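Below is one structure, written out as structure tokens; the observations come after it.
Number of protein chains: 2
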Amino acid sequence: MRRSDKPQQPTSVGGGEKARLRDILFFPRSVAVIGQSNDPGKTAGRPLKFLRQAGFSGRVYPVNAQRGEVLGERAWPSVEALPEVPEHAYVVASIDSAMEAIKACGRAGVAVATVLTDGFAEVGEAGRAREARLREIVATTGMRMVGPSSLGIVNLRTGMLLTANAAFDEPNLPVGRIFAASHSGGMIGTLLSRGKACGIGFAGLVSVGNEVDLSLGEICDAVLDDPEIDGYLLFLETLRHADRLRAFAQRAATACKPVLAYKLGRSAQGRELAVTHTGALAGEDDVAGAFFRDCGIARVETLSALIEGLPLLGRVPAPQKTRNPCAAVVTTTAGGAAMVVDPLASRGVDVAAPSEATYGRLNAAGIKVSRSRLIDLTLAGARYEIMKATLDILTTAPEFDLIVVVVGSSARFYPELAVQPIIDSAGAGKPMAVFLVPEALQARAALGKAGVANFYTPEACADAVAAALTRRLPRLSSPSPLLPSGRLRPSSMGYRQGRGEGASPQAQTGGKAHSFATFVPSPLGGAGNRCGDLCLQASGAEGRGRTLDEFEGYALLDRLGIPCAPSTALDVNVTHAPALLFGYPVALKVLSSAITHKSDIGGVTLGIPDAPALVAAIAAMRTRLPQVGRVLVQPMIGGIGEVLIGYRHDPDIGPLVLVATGGIYTEIYRDRSLRLAPVDADTAHEMIAELQGLRLLTGYRGKPAGDIAAMAQAVAALSRLAAEPAVIEAEVNPLVVRAQGEGVVAVDAVVRVR
Amino acid sequence: MRRSDKPQQPTSVGGGEKARLRDILFFPRSVAVIGQSNDPGKTAGRPLKFLRQAGFSGRVYPVNAQRGEVLGERAWPSVEALPEVPEHAYVVASIDSAMEAIKACGRAGVAVATVLTDGFAEVGEAGRAREARLREIVATTGMRMVGPSSLGIVNLRTGMLLTANAAFDEPNLPVGRIFAASHSGGMIGTLLSRGKACGIGFAGLVSVGNEVDLSLGEICDAVLDDPEIDGYLLFLETLRHADRLRAFAQRAATACKPVLAYKLGRSAQGRELAVTHTGALAGEDDVAGAFFRDCGIARVETLSALIEGLPLLGRVPAPQKTRNPCAAVVTTTAGGAAMVVDPLASRGVDVAAPSEATYGRLNAAGIKVSRSRLIDLTLAGARYEIMKATLDILTTAPEFDLIVVVVGSSARFYPELAVQPIIDSAGAGKPMAVFLVPEALQARAALGKAGVANFYTPEACADAVAAALTRRLPRLSSPSPLLPSGRLRPSSMGYRQGRGEGASPQAQTGGKAHSFATFVPSPLGGAGNRCGDLCLQASGAEGRGRTLDEFEGYALLDRLGIPCAPSTALDVNVTHAPALLFGYPVALKVLSSAITHKSDIGGVTLGIPDAPALVAAIAAMRTRLPQVGRVLVQPMIGGIGEVLIGYRHDPDIGPLVLVATGGIYTEIYRDRSLRLAPVDADTAHEMIAELQGLRLLTGYRGKPAGDIAAMAQAVAALSRLAAEPAVIEAEVNPLVVRAQGEGVVAVDAVVRVR
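First to last, the protein sequences are chains H and C.
If you use this note's numbering, the first sequence corresponds to residues 1 to 754, in order.
If you use this note's numbering, the second sequence corresponds to residues 1001 to 1754, in order.
Written out as structure tokens, the structure is:
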């Protein structure tokens, strides 16, 4: 057995570790199929058949312990018996033989093993133990691994079809410039075959399986320098190894290679499946949305948009910041176009009428259209010169980011009328997305050939347009520490306790650095409502870490620069009221890190009018809750509304910040906005603008407007916890929002630290 | 010129007026194409070409005022010059000639004219005047009319292609058993061509245009007895002529012919287009939803589901009442199946795991599946006998309404593995819906041939499944008058005014017949919040009719059986407080039918503690609002929540009843449920269960539960206004909901009558 040394397959440009990974994954000079069956009807019989069908020019070694010949070719009994060490081994044997073969590959110095075999994490304890053994082999031998449960890895350009996916069983595979990666093995065949049907081709595809070694992000990253790859399609089940995915997405953005993703688990039922299926935990869908946005990955909701959307994405630059994306819709059939407008509108894309200037140009060109969101050429006539002149004007109109062209029945048999002018405008200023309303395969093929994005369904068209227009450039910088301490030491978080002297409540609430907090009752739903399944807390890893008490929590918020009103901690056995930093009426709360739902257990008393009443209230609480040692006194201060702000270090995707409308309805309507932390004030404003309930704080129906700027500052401040690895999660609920110019006040704080 | 008397086209069975209409529309013995052009590339050149291409065997008369020959055939100069009176004329001339020709058709005794020509309501005033003239011709001559702006009427079985739609320009049109009707002309070509691509064929298609005479519902109804038609596809832009559509849908349900509809205007932007495009007003989308549900029409959200869904609908019986629809999802590819589960869940279909009994049967058959919502055959193997045995068990499992089968890559080249068993189970107990994940045209064709509903996209599959499982049998009865008076006489609505003697407030609020009302302040958002664009009022025809004052409104509610607490009307100039039927504290409101937003103008004073304070408050209100003559006094009575209930006679679809969560958040989250009125208490309960915000009144997080039964009774009672043509709209906002067993109380009432 000798090392393979004569490259039969020229590798692409570039060197170093990543180029080496790319080459052994996608340009191996020799491959072994371990467990190759002699029955081409069986899954394990397919890889050799496919490799030969596709004309792979590298050396191929079938390995079969039982037979000296498979599918008419010589077979070897084991990896050790091969005449050379193959660069890439595809293991399709059953579980026990597979484990032995993988060990043998590692020993022999195989560069990468892709493992089809299943029987790992998805089957429970025994499977997880097998995965641990795989990791050990990788760690000790340096062999890299794709899978297990990988349905394959494919380079269509070289015919390297290391796959058992039945959809690859044909000679005319659609070679193109897209790379596809999927958590679900079956989907590589789906992307391939559906892509072929609509003229979309692939450079390579990979089913990443359980990702015990190489993750989806790493594999995508390995081929980033491949000059024959223009963009990426991702089919995701989880955000496992999100850090790798993010690093890849950032580099892809820099390389101007767009990334389009579909992720399962939009619904709770769907997420449950993801857990059952792969053993991986799927987070809530808007967490995934925040992640994609932050990474600059465009996300679609429909399968068709995933397959058909990349040509569009390649034409639409990702904006750094949102402005309302604005599309023109021009059509020869109003009803057909309206089918695209509805889902566009529901995905937040503004379908706008042309500007006065653009109307002027249309009129000057003799094109009769009525003033409407829809540029309807029905009356003008579905003729070449009409459509061409219209597109010439629209693709150079500054008010539009993108032109959606919807062509009616003529597209089927008379493409020269309204489809050809689109093709002839393909190089024009603004990107175009096309929906041909009737079945019109030939016209679609012609559009595809001209590089014009076109879609089979109105929903996919709208989906891809919205995904293209609403994605962002990824954030490239990682969060830098903002707190002077660098690392939070919760055990030493000092705070001063009020003793009656000092500033007035106003100064305390308006000022910057103070160590007190003010309790303000909720004007909408009573004090101390916890957020149930809405809040970050509930989805975090319960039970880990230590919860700070409310007072310690305020100290942390104070260091972040989030205004907290004054607050005094008292022993529950006091027999007279101390002089307070603030006036009556006051609120009384139990102070204990063990109690997070204070009001549910009678741990909150509001509106205490004077000192004797305070003493009585403390006594009553002592009787009611004998386990409690300390209480907190705060002034009653009202605002004009309240919000919930929160921070969590998500195990998959890292630091997250959240803002949600406050009060009990919030939980019911799940009205919240999420981003990866940290965020600046601009992004915080954007988050606030996404909340429907926050309309109540922006001067709704003559009500006073709240201090949105202060709210945004508080969100941004809380998000800076991203630089504090000690903090697992933090939640302010409520943050009381006062009138414009009067700031916000944190009125409760729950913080959990490692 | 003589009447055509020799039927060349055998008409289908049946007689009478409707059969006659069916025959002249779809089985004419002679047709004229008026304005037929000699240029087959022009729109007006197509009908003759298409008729000949399709081999129409009836007599065809091209009419062209300029030429004696068109497309190589003899042409006549006018309708009058024809050798016989054609049964059906298709008018494709330009507007002025068309108007003349239509007149001539009417005079000559043409049975039906279908008018392609545009230049009617969609172009404004002059166009509307032309439509009026068309109506006059119809009324005076008895000639029926389809259009104007009808892109055609087609009977594929006889080759009667009276259409100018470019997508009909081919010889092999897909003949089948579906009838399609569309407001949008282009869509008949879309349904035809896309249907053909997926094996769906049509008996006939019609573009109904502006519906000046024959409406979409009437045309569908005319072919209901056609034994070669199995079901209907509707593409709707508005609910114009909803009464006709409803009558048709009711008869279609009786005839077991399913009706599947797609309606534009889900978004506000989309509705705006509908207005611009056809001149018709489009109502809000949930109003349309209530209408479809009431009529038993299944509604889909995607174009593909419209085209592919009817074979499924034909297999799924419409339930009379909801139970949670429950689907099994069985698959050979978990990732592919999860793409269907997500949109199913978001459309309210429960994807359930098999019962213990069903698991037992699967185990007994040797089929290994893990316990999950997804019946995943990956481990068991995608083989014929596995899939067949699984389907045998699932299609006879009582817990499922429907089986969704999702087949992975094998479907493309190995349909014998997992697709053939579906075909072999096609006649089984439960209906099946199939999604083939890869591109698999041949397998789809085989499924289609076997009558198994299958879908190109996962979204369309879920959409059609949800539409099939959530539709209802139509309500066949029309509302009967429930008020003894039969017709409301608002001018004589008497009420007694309290004078201090009589029952206690409790008796008044709990009792049945009383003429007073109690004002209760909103605990969540202040009293008297109006509902803005949420309420029925705003969407009604403002300005018509007379608004009752609040006192008269209570009298109406009282007659309907909706509890109203006591209330006393006073002259604003009183100088001493009268003895009240109820105790202090009280609320004071202005009483004027001219003022609907009382609290906005300072017309409400709450919590008045005693008689002197009441006199002072009245005096203050007199000063503040000098235009007001009377005030209303009511006790302060709180509840545990509030809702809005409303009734409106919608100009399109008739009486509607609504329930929405109360308070200011309601308006922001638009949390409401609508039905056609009247509804019974069961339906009212169903409506209440649809409101997210109402969770607050059903014992949410330990809060007291509200009197849901009383709320449902009030909704049902208000809905009985459907029998009162005098009432245009009525709204109770808020209806205070008290604790379980304590009832509800109407606390404000706005009623508008003719």
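In this text, a Cβ means the ideal position worked out from N, Cα and C, and glycines have one as well.
Treat the numbers as computed from the prediction; the structure is a model and nothing was measured.
* **Cross-strand partners of I1799/C (DSSP beta bridge)** => Since the first residue shown for chain C is 1001 and the last is 1754, residue 1799/C is missing from the structure and cannot be characterised.
* Asked: Between which two residues does the alpha helix (DSSP H) carrying I1562/C extend?
  -> Your numbering for residue 1562/C matches position 562 in the second sequence. Looking at the DSSP string, I1562/C is not in any alpha helix (DSSP H), and its letter there is neither H nor E.
* Asked: In chain order, what residues of the stretch 712-727 of chain H put their CB closer than 7 Å to some CB of chain C?
  -> The stretch 712-727 of chain H vs chain C, Cβ under 7 Å: nothing.
* Contact set between N1165/C and chain H, taken where Cβ atoms lie within less than 8 Å -> As a position in the second sequence, residue 1165/C is number 165, starting the count at 1. Going along chain H in sequence order, the residues near N1165/C (Cβ under 8 Å) are S409.
* DSSP puts V404/H in a beta bridge; with which residues? -> In the first sequence, counting from the first residue as 1, residue 404/H sits at position 404. V404/H is bridged by DSSP to V329/H, A433/H.
* Taking the alpha carbon of V574/H as the point to measure from, which residue in D671/H, V60/H, V615/H has its own alpha carbon closest? -> For this step, residue 574/H is matched to residue 574 along the first sequence. Distances from the CA of V574/H to each of D671/H, V60/H, V615/H were compared; the closest alpha carbon is that of V615/H.
* Closest to T302/H by CA distance: which of E125/H, P458/H, M160/H, P438/H is it? -> The count along the first sequence starts at 1 and reaches residue 302/H at position 302. T302/H has its Cα closest to that of P458/H, out of E125/H, P458/H, M160/H, P438/H.
* Where does D1225/C fall in DSSP's three states? -> Mapped onto the second sequence, residue 1225/C falls at position 225. Coil, per DSSP.
* Closest Cβ-Cβ distance between L377/H and chain C: below 8 Å? -> For the purposes of this step, residue 377/H is taken as the residue at position 377 of the first sequence. Contact of L377/H with chain C is not assigned, every C-beta pair being separated by 8 Å or more.
* **Short-range partners of chain H found in the stretch 1185-1215 of chain C, where Cβ spacing is below 7 Å** => Within the stretch 1185-1215 of chain C, the residues whose Cβ lies closer than 7 Å to some Cβ of chain H are G1186, M1187, G1189, T1190, S1193, R1194, K1196, A1197, listed in chain order.
* Cβ neighbours of R194/H in the same chain (closer than 6 Å, five flanking residues each side left out) -> Here the question's residue 194/H lines up with position 194 in the first sequence. Same-chain partners within the cutoff: I307.
* To do: Please decide whether Y414/H counts as near chain C, where near means a Cβ-Cβ distance under 8 Å.
  => Indexing the first sequence from 1 puts residue 414/H at position 414. Yes, Y414/H counts as interfacial toward chain C.
* So with Cβ pairs under 8 Å, would you call V737/H a contact of chain C? -> Here residue 737/H corresponds to residue number 737 of the first sequence, with the count starting at 1. Judged by the 8 Å Cβ criterion, V737/H is not in contact with chain C.
* Could you list which residues in chain H have their beta carbon closer than 8 Å to that of A1268/C, in chain order? => The residue labelled residue 1268/C in the question sits at position 268 within the second sequence. Those are A345, listed as they occur along chain H.
* **With 16 other Cβ atoms within 10 Å as the buried cut-off, status of L1385/C** => In the second sequence, counting from the first residue as 1, residue 1385/C sits at position 385. In the sequence as displayed, the identity of residue 1385/C is Glu instead of Leu. The residue in question, E1385/C, is exposed, as its Cβ has fewer than 16 Cβ neighbours within 10 Å.
* To do: Taking L205/H and I188/H to be in contact with their CB atoms under 8 Å, please state how far apart those CB atoms are, rounded to whole angstroms.
  => Residue mapping note: residue 205/H aligns to position 205 of the first sequence, counting from 1. Residue mapping note: residue 188/H aligns to position 188 of the first sequence, counting from 1. Going by Cβ atoms, the distance from L205/H to I188/H rounds to 4 Å, so yes, they are a contact pair.
* Using Cβ-Cβ distances below 9 Å, what residues of the stretch 332-358 of chain H are close to chain C? -> Hits within the stretch, in order: T332, T333, A334, G335, G336, A337, A338, M339, V341, D342, P343, L344, A345, S346, D350, V351.
* Between R128/H and L151/H, what straight-line distance do the alpha-carbon atoms span, to the nearest angstrom? -> Numbered from its first residue, the first sequence carries residue 128/H at position 128. Numbered from its first residue, the first sequence carries residue 151/H at position 151. Computed Cα separation, rounded: 19 Å.
* Asked: Exposed or buried, which one is A1609/C when buried takes at least 16 other CB atoms within 10 Å?
  -> Numbered from its first residue, the second sequence carries residue 1609/C at position 609. For the sequence presented, residue 1609/C should be read as Pro rather than Ala. P1609/C comes out exposed.
* Asked: According to the Cβ coordinates, are A1290/C and K1263/C closer than 8 Å?
  -> By 1-based counting over the second sequence, the position of residue 1290/C is 290. By 1-based counting over the second sequence, the position of residue 1263/C is 263. With contacts defined by Cβ atoms closer than 8 Å, A1290/C and K1263/C do not form a contacting pair.
* **P479/H at chain C interface by Cβ criterion, 8 Å** => As a working note, residue 479/H is residue 479 in the first sequence. Annotation note: pLDDT 45 at P479/H (below 50); position unreliable, coordinate value reported separately. Chain C, which has no Cβ nearer than 8 Å to the Cβ of P479/H, makes this no.
* Does DSSP put A1019/C in a helix, in a strand, or in coil? -> Reading the second sequence from its first residue, position 19 is the one you call residue 1019/C. In this structure, A1019/C counts as helix in the three-state DSSP scheme.
* Asked: For V732/H versus L718/H, is the C-beta spacing smaller than 8 Å?
  -> Counting from 1 along the first sequence, the entry for residue 732/H is found at position 732. Counting from 1 along the first sequence, the entry for residue 718/H is found at position 718. Contact check for V732/H against L718/H passes: the beta carbons are separated by less than 8 Å.
* Nearest residue (CA-CA) to V1085/C, options L1239/C, G1106/C, Q1692/C -> Walking along the second sequence from the start, residue 1085/C turns up at place 85. With distances taken between Cα atoms, V1085/C lies closest to G1106/C.
* **Under 7 Å (Cβ pairs) to chain C, residues found in the stretch 29-46 of chain H** => Residues of the stretch 29-46 of chain H with a Cβ closer than 7 Å to any Cβ of chain C: none.
* Through-space distance from A462/H to A1440/C, alpha-carbon basis -> Within the second sequence, residue 1440/C is the residue found at index 440, counting from 1. Within the first sequence, residue 462/H is the residue found at index 462, counting from 1. Looking at the backbone, the Cα of A1440/C and that of A462/H are separated by about 25 Å.
* **CB contact below 8 Å: I1668/C versus chain H** => One-based indexing of the second sequence puts residue 1668/C at position 668. So yes, I1668/C belongs to the interface.
* CB contact below 8 Å: I178/H versus chain C -> What you label residue 178/H is simply residue 178 of the first sequence in a count that begins at 1. Answer no: the Cβ-Cβ gap between I178/H and chain C never drops below 8 Å.
* Would a check of beta-carbon distances place P458/H closer than 8 Å to chain C? -> For the purposes of this step, residue 458/H is taken as residue 458 along the first sequence, with counting starting at 1. Chain C, which has a Cβ nearer than 8 Å to the Cβ of P458/H, makes this yes.
* Helix or strand or just coil, what does DSSP make of Q1634/C? -> The residue you call residue 1634/C lines up with position 634 of the second sequence. Three-state result, Q1634/C: strand.
* To do: State the Cα-Cα distance for the pair R1754/C and A1723/C, rounded to the nearest angstrom.
  => One-based indexing of the second sequence puts residue 1754/C at position 754. One-based indexing of the second sequence puts residue 1723/C at position 723. Those two C-alpha atoms are separated by around 14 Å.
* Do three or more CB pairs link the stretch 1214-1222 of chain C to the stretch 1430-1448 of chain C at distances below 8 Å? -> Using a Cβ-Cβ distance cut-off of 8 Å, the stretch 1214-1222 of chain C and the stretch 1430-1448 of chain C are not in contact, since fewer than three pairs of beta carbons, one from each stretch, lie closer than that value.
* Asked: Between the C-alpha atoms of M1621/C and D1652/C, what's the straight-line distance to the nearest angstrom?
  -> In the second sequence, the residue the question calls residue 1621/C occupies position 621. In the second sequence, the residue the question calls residue 1652/C occupies position 652. Each residue's Cα considered, the two are about 42 Å apart.
* Asked: Of all Cβ atoms in chain C, is any one closer than 8 Å to the Cβ of A538/H?
  -> Taking the first sequence and counting its residues from 1, the one referred to as residue 538/H is at position 538. In this prediction, A538/H scores a pLDDT of 38, lower than 50, which makes its location untrustworthy; the coordinate-derived value is nonetheless stated afterwards. No - not a single Cβ of chain C is within 8 Å of the one on A538/H.
* **6 Å Cβ shell around G279/H - same chain, five flanking residues per side excluded** => Counting from 1 along the first sequence, the entry for residue 279/H is found at position 279. With a pLDDT of only 36 at G279/H, under 50, the local geometry of the prediction cannot be trusted, and the value read off the model is given with reservation. Non-local beta-carbon contacts of G279/H in its own chain, meaning distances under 6 Å to residues more than five positions away in sequence, involve A121, E122 in chain order.
* The alpha helix (DSSP H) enclosing M687/H, as first and last residue numbers -> Here the question's residue 687/H lines up with position 687 in the first sequence. DSSP places M687/H in the uninterrupted alpha helix (DSSP H) bounded by 681-690.
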